[in-house]
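Trainee: Following this message is one structure expressed as structure tokens.
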Amino acid sequence: MSTSIESKRREKIGAIATASMANRAMPLIRNAWYVAAQGSELGRTPIARQLLERSVVLFRRENGEAVALQNRCCHRSFPLSEGRLEGDTLVCRYHGFRYNCEGRVIEVPSQSHPPGEIGVHCYPVREKSPFVWFWAGDPGKADEACLPHQEWLESADWDRYAGYLHINASYVHMHENLLDLSHLSFLHEKTFGTPEYARAPIEMTVEPPNFEVWRHVECELPAIYSKPLGWTGQKAIRSSGAQFVGPGLHVNTGVFRNLEIPESGQEPKPMVKVAQLITPESRDATHYWYCLSRNFARHDEGVTEFMKNAQYAAFSEDVYALEHIRGMQDLGEPPGFLEINVAADRPGVEMRRYLKQLSDAEQAG
Amino acid sequence: MSTSIESKRREKIGAIATASMANRAMPLIRNAWYVAAQGSELGRTPIARQLLERSVVLFRRENGEAVALQNRCCHRSFPLSEGRLEGDTLVCRYHGFRYNCEGRVIEVPSQSHPPGEIGVHCYPVREKSPFVWFWAGDPGKADEACLPHQEWLESADWDRYAGYLHINASYVHMHENLLDLSHLSFLHEKTFGTPEYARAPIEMTVEPPNFEVWRHVECELPAIYSKPLGWTGQKAIRSSGAQFVGPGLHVNTGVFRNLEIPESGQEPKPMVKVAQLITPESRDATHYWYCLSRNFARHDEGVTEFMKNAQYAAFSEDVYALEHIRGMQDLGEPPGFLEINVAADRPGVEMRRYLKQLSDAEQAG
Amino acid sequence: MSTSIESKRREKIGAIATASMANRAMPLIRNAWYVAAQGSELGRTPIARQLLERSVVLFRRENGEAVALQNRCCHRSFPLSEGRLEGDTLVCRYHGFRYNCEGRVIEVPSQSHPPGEIGVHCYPVREKSPFVWFWAGDPGKADEACLPHQEWLESADWDRYAGYLHINASYVHMHENLLDLSHLSFLHEKTFGTPEYARAPIEMTVEPPNFEVWRHVECELPAIYSKPLGWTGQKAIRSSGAQFVGPGLHVNTGVFRNLEIPESGQEPKPMVKVAQLITPESRDATHYWYCLSRNFARHDEGVTEFMKNAQYAAFSEDVYALEHIRGMQDLGEPPGFLEINVAADRPGVEMRRYLKQLSDAEQAG
Chain W
1 MSTSIESKRR EKIGAIATAS MANRAMPLIR NAWYVAAQGS ELGRTPIARQ
51 LLERSVVLFR RENGEAVALQ NRCCHRSFPL SEGRLEGDTL VCRYHGFRYN
101 CEGRVIEVPS QSHPPGEIGV HCYPVREKSP FVWFWAGDPG KADEACLPHQ
151 EWLESADWDR YAGYLHINAS YVHMHENLLD LSHLSFLHEK TFGTPEYARA
201 PIEMTVEPPN FEVWRHVECE LPAIYSKPLG WTGQKAIRSS GAQFVGPGLH
251 VNTGVFRNLE IPESGQEPKP MVKVAQLITP ESRDATHYWY CLSRNFARHD
301 EGVTEFMKNA QYAAFSEDVY ALEHIRGMQD LGEPPGFLEI NVAADRPGVE
351 MRRYLKQLSD AEQAG
Chain Z
1001 MSTSIESKRR EKIGAIATAS MANRAMPLIR NAWYVAAQGS ELGRTPIARQ
1051 LLERSVVLFR RENGEAVALQ NRCCHRSFPL SEGRLEGDTL VCRYHGFRYN
1101 CEGRVIEVPS QSHPPGEIGV HCYPVREKSP FVWFWAGDPG KADEACLPHQ
1151 EWLESADWDR YAGYLHINAS YVHMHENLLD LSHLSFLHEK TFGTPEYARA
1201 PIEMTVEPPN FEVWRHVECE LPAIYSKPLG WTGQKAIRSS GAQFVGPGLH
1251 VNTGVFRNLE IPESGQEPKP MVKVAQLITP ESRDATHYWY CLSRNFARHD
1301 EGVTEFMKNA QYAAFSEDVY ALEHIRGMQD LGEPPGFLEI NVAADRPGVE
1351 MRRYLKQLSD AEQAG
Chain H
2001 MSTSIESKRR EKIGAIATAS MANRAMPLIR NAWYVAAQGS ELGRTPIARQ
2051 LLERSVVLFR RENGEAVALQ NRCCHRSFPL SEGRLEGDTL VCRYHGFRYN
2101 CEGRVIEVPS QSHPPGEIGV HCYPVREKSP FVWFWAGDPG KADEACLPHQ
2151 EWLESADWDR YAGYLHINAS YVHMHENLLD LSHLSFLHEK TFGTPEYARA
2201 PIEMTVEPPN FEVWRHVECE LPAIYSKPLG WTGQKAIRSS GAQFVGPGLH
2251 VNTGVFRNLE IPESGQEPKP MVKVAQLITP ESRDATHYWY CLSRNFARHD
2301 EGVTEFMKNA QYAAFSEDVY ALEHIRGMQD LGEPPGFLEI NVAADRPGVE
2351 MRRYLKQLSD AEQAG
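Protein chains in written order, with our numbering: chain W, 1 to 365; chain Z, 1001 to 1365; chain H, 2001 to 2365.
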């Protein structure tokens, strides 16, 4: 393609250089709450986890409180997660340096007392079932009011299950993927999607920091919902919402209305709410927890098991997409490469611009 | 070795810094025809292949014509090879963008029409049995007259078979290896080579872009030829030619004359012609197809099978050599490192200089 | 932690930026003797080994003398270790270049004689049972008087065995680990260490190039020593010495005195001397040979076998520690990262400074 054609094309299609938006190369946003673990993972045996490019050791105090410390001993960089808990202290396996739960060294075996105030970074932690959140950046800026925990994640009004997938790709692309409902008919055609989805009108909220998308589609629901609802073969309205809550959380909502039975008998409407917990492991790898809550088929373990498996299959398709995209990106960009954006991409593009602003501000600060 | 001894040594032996010749670090030559696939590999299921540092999707139109497109969707970089063909269109599996066989997007499901002229690079393709060639660079410069296809590759006058090997090393070194007949007695001593080979005189043509080498050796032929010819234990003249045709093709020729029977009865002389199809996957990895044609033992499947196996063993020795050399190169060069060149290396060295000029010209252009 | 707190902390604890000491990024020290192999590894089949970032080919002459040459043919970089020995010459398998044991090319098959004085680097070698030493740097500086061989390694007064471990970590950290006895109670608590060790006083010699540490501990010996000595359950004095001898050698000594039998009957005291042979493979990988000599339980194969297995388990713990530390380092250092040093670290810190000086001097020279 000649340069002049390329230049006209660019003008017409509003192509955006990926560098102006958040992308995989962007420094991670540290001043935010992210999920570090499911609460059920933590106990009295320390575990190591790479979170936001750092190794973190996670464990519980004797009283059950979750603790997250820098996993690199301040003495010779041995991972503290290889050590052992003695009461509320963690003893490094290399030279026996003893840390308290604030990350402070309180004993150096080879001498009478530690040489001053030494220790490792202690991450602010808040546990809200089923997840343990941590503040990755400056502890002085950790604001509990900003914790993106959602009440329904703990409420007894819902049935729920949680799952985890690891993604060898940037969390930026996962956020964009989740805010984008136009891929359901294609990427998820055998799981979540139905053909009508692709062409349905989109309601958008694009008011940083709020980014939200809704579609209302008349269709036969996919099996993951129609089977538990007993609506197989019936027409319904499926309303799907996707909401960016913050760097560490995205929420999807599904509301269902059966068109073959009277509306009056459907209150409260059957709903699912899915928390999507996105924690960068590095710029190119992502921890991805999710937790689906439903207000129908309550206390039915069979339904839980069925939906859990179906959702795992569907979310694995997202992982497959993101990792394939990363493979393409790894080959580098040909000269003049531009990503094309269409109207439906606006929420994702603006969300990526917002993430870029957060990152730039941190780098400048 | 002291610096002054080193300096004298360099003068005397005409050592050449590898940077003045084509080497593994050199930008690839894109304005050239290369083989993308054997024709038998392509069908109605798209396949992905990395060619010259880019991912390419390959498939056939409904009418059988081969198509090669950039494999990275212009929207969100998903590999098009994961999508599906519908007639002569290829539908991206991520968001359903529909491409025609020229790489143009003709449908974006989330809106009424595509936002202007968007699409992916479409590679000029020419199929000449048994191979599918593509032009890796500027389509405006693709000249069908330069297609390095050889008539005998399709001619019914020859029996043939094709094979493939992957090389984790630069195509530059493969070209040099193929133009160099002095390694047959050593690297291929158990397959292709005979001891006389190492010391035979060399006829050289070094007139860029023509690089050709011939050796005529009186010997007992190696089994790969003597068995099919029924010449085991007999003296023969083996004439071997090696010819650089272009960045994507090298041709080897073998002509045989039995010294124990009258020459008059040996016309046309038994010959093999081997097309060596060299396509860089990246700077450090190479697709290597080959196709041997013979004018003897015609229509004998047993001979074909025997020669195919013997040649695979011999060519695998080249792969072994190139990958071991790459392993040495990967360790980096000690200070003052120089490669020594001897008289027999001249065609290879000049061919590498020629490749460097092509690459430099493209980078400048 | 705020900047001012951090600054005060640094002052008080004398934290040292790792860049001022030898570390994994430091250019390797080449002008030194290192072990290339155990003598038992070498024979008439050439072997390749990566030593100090270079590939070296090792073999024996017909008279048994060990030879170490650059393993990269000066012609086309093929590894000479793939070639074959013919008498005292090594023939490259690629083009038949023939080398003598000084690394000089004495035959190029494609021409009447080699083009001048060409060849590969020949490393000075000295074999002292059980090891083959080589000088990695300028041969003109190879001083046999500096060979760090120890008499007891060959003496018939000791029983001995040798072993090998590969470490995916810098040799600098292995040297520091070996000079540091304060980790025995923790890292080696199940093998070498006893609890008393951690708090025992330390005798230090820190007079570059001499770095030595001793501890004398009253304890029940760990099984590796108590079982062979028949001292299980008995109180003893364990004196442990750690001595940096040079970049390629560290020596550990253990002297034992049983407190439950008269001292007069314990001369000469039971001792072990452990040579720790540290050869960088690269900046981030290390060959680690060791050889333990003992003056007790002489000629008892059962004891040799028992101690060999116990020591392998203990030394594997060091490998585990160093590789885990490397994993932490691979994640990069957070802003303002400092390693804390305590009093017991002084010998290691000063030894690392000394190594840095050696490296700096070589780089400047």
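In this text, a Cβ means the ideal position worked out from N, Cα and C, and glycines have one as well.
Please confirm whether leucine 2090(H) and proline 2046(H) have their CB atoms less than 9 Å apart.
Mentor: Within the third sequence, numbered from 1, the residue matching residue 2090(H) stands at position 90. Within the third sequence, numbered from 1, the residue matching residue 2046(H) stands at position 46. It is a contact, given that the beta carbons lie within the stated cut-off.
Trainee: Hey, quick one: how far does the alpha helix (DSSP H) through glutamine 1407(Z) stretch, first residue to last?
Mentor: No answer is possible for residue 1407(Z): it lies beyond the span of chain Z, which begins at 1001 and ends at 1365.
Trainee: Go to proline 2047(H), then tell me how far its beta strand (DSSP E) extends in each direction, as first and last residue.
Mentor: For the purposes of this step, residue 2047(H) is taken as the residue at position 47 of the third sequence. The amino acid occupying residue 2047(H) in the given sequence is isoleucine; proline does not appear at that position. That run of the beta strand (DSSP E) goes 2047 to 2051.
Trainee: For valine 2319(H), return the contacting residues in chain W, with the cut-off set at a CB-CB distance below 8 Å.
Mentor: Numbered from 1 along the third sequence, position 319 holds the residue referred to as residue 2319(H). Within chain W, no residue comes near valine 2319(H); the closest Cβ sits about 13 Å away, beyond 8 Å.
Trainee: Please confirm if histidine 287(W) has its CB atom under 9 Å from at least one CB of chain H.
Mentor: On the first sequence, residue 287(W) is found 287 positions in, with the first residue counted as 1. Taking Cβ atoms only, chain H never reaches closer than 9 Å to histidine 287(W), which makes this a no.
Trainee: Where methionine 1(W) and isoleucine 1118(Z) are concerned, what is the direct C-alpha to C-alpha distance, given to the nearest angstrom?
Mentor: In the first sequence, residue 1(W) corresponds to position 1, counting from 1. In the second sequence, residue 1118(Z) corresponds to position 118, counting from 1. Legend: pLDDT at methionine 1(W) = 45, less than 50; position of this residue unreliable, value from coordinates given subsequently. Approximately 11 Å between the Cα atoms of the pair.
Trainee: With a threshold of 9 Å between beta-carbons, can valine 67(W) be considered close to chain H, or not?
Mentor: What you label residue 67(W) is simply residue 67 of the first sequence in a count that begins at 1. For valine 67(W), the answer is no, since every Cβ of chain H falls outside 9 Å of its Cβ.
Trainee: Roughly how many whole angstroms lie between the Cα atoms of glycine 2233(H) and valine 2125(H)?
Mentor: As a position in the third sequence, residue 2233(H) is number 233, starting the count at 1. As a position in the third sequence, residue 2125(H) is number 125, starting the count at 1. So the two alpha carbons sit approximately 47 Å from each other.
Trainee: DSSP puts glutamine 1243(Z) in a beta bridge; with which residues?
Mentor: On the second sequence, position 243 is the one that residue 1243(Z) refers to. Answer by DSSP bridge pairing, in chain order: Glu1212(Z), Val1251(Z).
Trainee: Hey, alanine 1136(Z) and aspartate 1284(Z) are a contact pair by Cβ (cut 8 Å); roughly how many whole angstroms apart?
Mentor: Residue numbering aside, residue 1136(Z) sits at position 136 when the second sequence is read from its first letter. Residue numbering aside, residue 1284(Z) sits at position 284 when the second sequence is read from its first letter. Not quite, the Cβ-Cβ distance comes to about 17 Å (not below 8 Å), so this is no contact.
Trainee: Whether or not the region 2311 to 2325 of chain H and the region 2182 to 2194 of chain H are in contact is what I'm after, with contact meaning three or more pairs of Cβ atoms, one per stretch, closer than 8 Å; do they touch?
Mentor: yes
Trainee: Within the same chain, show all residues whose beta-carbon is closer than 7 Å to that of alanine 1022(Z), passing over the 5 residues directly before and after it, in chain order.
Mentor: Position 22 of the second sequence, counted from the first residue, corresponds to residue 1022(Z). If we look at alanine 1022(Z) and ignore the five residues flanking it on each side, its Cβ neighbours are Val1172, Arg1352, Leu1355, Lys1356, Ser1359.
Trainee: Does the CB of isoleucine 1237(Z) have a neighbour CB from chain W at under 9 Å?
Mentor: Position 237 of the second sequence, counted from the start, is the residue given in the question as residue 1237(Z). The beta carbon of isoleucine 1237(Z) sits no closer than 9 Å to any beta carbon of chain W.
Trainee: In whole angstroms, what separates the C-alpha of glutamate 2260(H) from that of methionine 2271(H)?
Mentor: As a first step, residue 2260(H) must be located in the third sequence, where it is residue number 260. As a first step, residue 2271(H) must be located in the third sequence, where it is residue number 271. Note on geometry: alpha-carbon atoms of glutamate 2260(H) and methionine 2271(H) lie some 18 Å from one another.
Trainee: Kindly indicate the opening and closing residues of the beta strand (DSSP E) around glutamine 70(W).
Mentor: One-based indexing of the first sequence puts residue 70(W) at position 70. Taken as a continuous stretch (DSSP letters only), the beta strand (DSSP E) holding glutamine 70(W) covers 66 to 70.
Trainee: Below 7 Å on C-beta distance, what does glycine 96(W) contact in chain H?
Mentor: For the purposes of this step, residue 96(W) is taken as the residue at position 96 of the first sequence. Within 7 Å Cβ-Cβ: Ser2185, Phe2186, Ala2198.
Trainee: Does the separation of the CB atoms of valine 1206(Z) and glycine 1241(Z) fall below 9 Å?
Mentor: Counted from its first residue, the second sequence places residue 1206(Z) at position 206. Counted from its first residue, the second sequence places residue 1241(Z) at position 241. In this structure, glycine 1241(Z) does not lie closer than 9 Å to valine 1206(Z) by Cβ.
Trainee: Report the neighbours of leucine 1261(Z) on chain W: residues whose CB is nearer than 7 Å to its CB, in chain order.
Mentor: Counting from 1 along the second sequence, the entry for residue 1261(Z) is found at position 261. Per the sequence presented here, residue 1261(Z) reads as isoleucine, with leucine not at that position. The contacting residues do not exist; isoleucine 1261(Z) stays about 56 Å from chain W at best.
Trainee: Alpha carbon to alpha carbon, what distance is there between glutamine 2363(H) and serine 2020(H)?
Mentor: Looking up residue 2020(H) in the third sequence gives position 20. Looking up residue 2363(H) in the third sequence gives position 363. One C-alpha to the other measures close to 15 Å.
Trainee: Which same chain residues end up closer than 7 Å to serine 1055(Z) when comparing Cβ atoms and leaving out the 5 residues on each side of it in sequence?
Mentor: Walking along the second sequence from the start, residue 1055(Z) turns up at place 55. Result list for serine 1055(Z): Ala1048, Asn1071, Arg1072, Pro1079, in chain order.
Trainee: At a CB-CB cut-off below 7 Å, which residues of chain A make contact with arginine 2093(H)?
Mentor: This model lacks chain A altogether, as its protein chains are W, Z and H.
Trainee: Sort Ala321(W), Ile106(W), Trp152(W) by Cα distance to histidine 75(W) and report the nearest one.
Mentor: For this step, residue 75(W) is matched to residue 75 along the first sequence. It is Ile106(W) whose Cα lies nearest to the Cα of histidine 75(W).
Trainee: Determine, for valine 1125(Z), whether the minimum Cβ-Cβ distance to residues of chain H falls below 9 Å.
Mentor: Residue numbering aside, residue 1125(Z) sits at position 125 when the second sequence is read from its first letter. False, the Cβ-Cβ gap to chain H never drops below 9 Å.
Trainee: Could you name the residues that DSSP lists as bridge partners for isoleucine 1167(Z)?
Mentor: Counting from one through the second sequence, the residue named residue 1167(Z) turns up at place 167. Answer by DSSP bridge pairing, in chain order: Thr1286(Z).
Trainee: Less than 6 Å between C-beta atoms, sequence neighbours within five positions excluded: which residues of the same chain meet that for arginine 2104(H)?
Mentor: For the purposes of this step, residue 2104(H) is taken as the residue at position 104 of the third sequence. Same-chain partners within the cutoff: Gly2119.
Trainee: My assumption, with CB atoms under 8 Å, is that tyrosine 2197(H) sits in contact with leucine 2179(H). Please give the rounded CB distance.
Mentor: Numbered from its first residue, the third sequence carries residue 2197(H) at position 197. Numbered from its first residue, the third sequence carries residue 2179(H) at position 179. With 8 Å as the limit, tyrosine 2197(H) and leucine 2179(H) do not qualify as a contact, their Cβ atoms being about 15 Å apart.
Trainee: Give the list of continuous beta strand (DSSP E) stretches no shorter than 3 residues that lie fully inside the region 129 to 203 of chain W.
Mentor: If only complete runs of 3 or more residues are kept, the region 129 to 203 of chain W shows the beta strand (DSSP E) at 131 to 135, 159 to 167, in order along the chain.
Trainee: Please report the distance separating the alpha-carbon of phenylalanine 2337(H) from that of histidine 121(W).
Mentor: Mapped onto the third sequence, residue 2337(H) falls at position 337. Mapped onto the first sequence, residue 121(W) falls at position 121. The C-alpha of phenylalanine 2337(H) lies about 11 Å from the C-alpha of histidine 121(W).
Trainee: Going by DSSP, what residues sit across from arginine 273(W) in a beta bridge?
Mentor: Taking the first sequence and counting its residues from 1, the one referred to as residue 273(W) is at position 273. The sequence shown places lysine at residue 273(W), rather than the arginine named in the question. DSSP output for lysine 273(W) lists Thr253(W), Ser293(W) as bridge partner(s).
Trainee: Indicate whether at least one CB of chain Z lies closer than 9 Å to the CB of valine 2108(H).
Mentor: By 1-based counting over the third sequence, the position of residue 2108(H) is 108. True, the Cβ-Cβ gap to chain Z drops below 9 Å.
Trainee: What residue from Gly2265(H), Ala2236(H), Asp2138(H), Glu2127(H) has the CA that sits closest to proline 2148(H)'s CA?
Mentor: Indexing the third sequence from 1 puts residue 2148(H) at position 148. Checked all of Gly2265(H), Ala2236(H), Asp2138(H), Glu2127(H); the closest Cα to proline 2148(H) is Glu2127(H).
Trainee: Pop quiz: threonine 2304(H) and aspartate 2159(H) are said to be a contact at Cβ under 8 Å. What is the actual Cβ separation, rounded to whole angstroms?
Mentor: One-based indexing of the third sequence puts residue 2304(H) at position 304. One-based indexing of the third sequence puts residue 2159(H) at position 159. Contact flag correct, Cβ pair sits at about 6 Å.
Trainee: Considering only the beta carbon of each residue, do valine 2251(H) and serine 2239(H) sit closer than 9 Å?
Mentor: Counting from 1 along the third sequence, the entry for residue 2251(H) is found at position 251. Counting from 1 along the third sequence, the entry for residue 2239(H) is found at position 239. No; because the gap between Cβ atoms is not below 9 Å, this pair is not in contact.
Trainee: Given a cut-off of 9 Å on the beta-carbon distance, is the pair alanine 1223(Z) and arginine 2093(H) in contact?
Mentor: Residue 1223(Z) sits at position 223 when you count from the first residue of the second sequence. Residue 2093(H) sits at position 93 when you count from the first residue of the third sequence. Going by C-beta atoms, alanine 1223(Z) is not nearer than 9 Å to arginine 2093(H).
Trainee: Against proline 1079(Z), what residues of chain W qualify as contacts under a CB-to-CB distance less than 9 Å, listed in chain order?
Mentor: What you label residue 1079(Z) is simply residue 79 of the second sequence in a count that begins at 1. Contact annotation for proline 1079(Z) against chain W: His324, Ile325, Gly327, Met328 [CB-CB distance below 9 Å, chain order].
Trainee: Go ahead and pull the three-state DSSP assignment for tyrosine 2354(H).
Mentor: Taking the first residue of the third sequence as 1, we reach residue 2354(H) at position 354. Helix, per DSSP.
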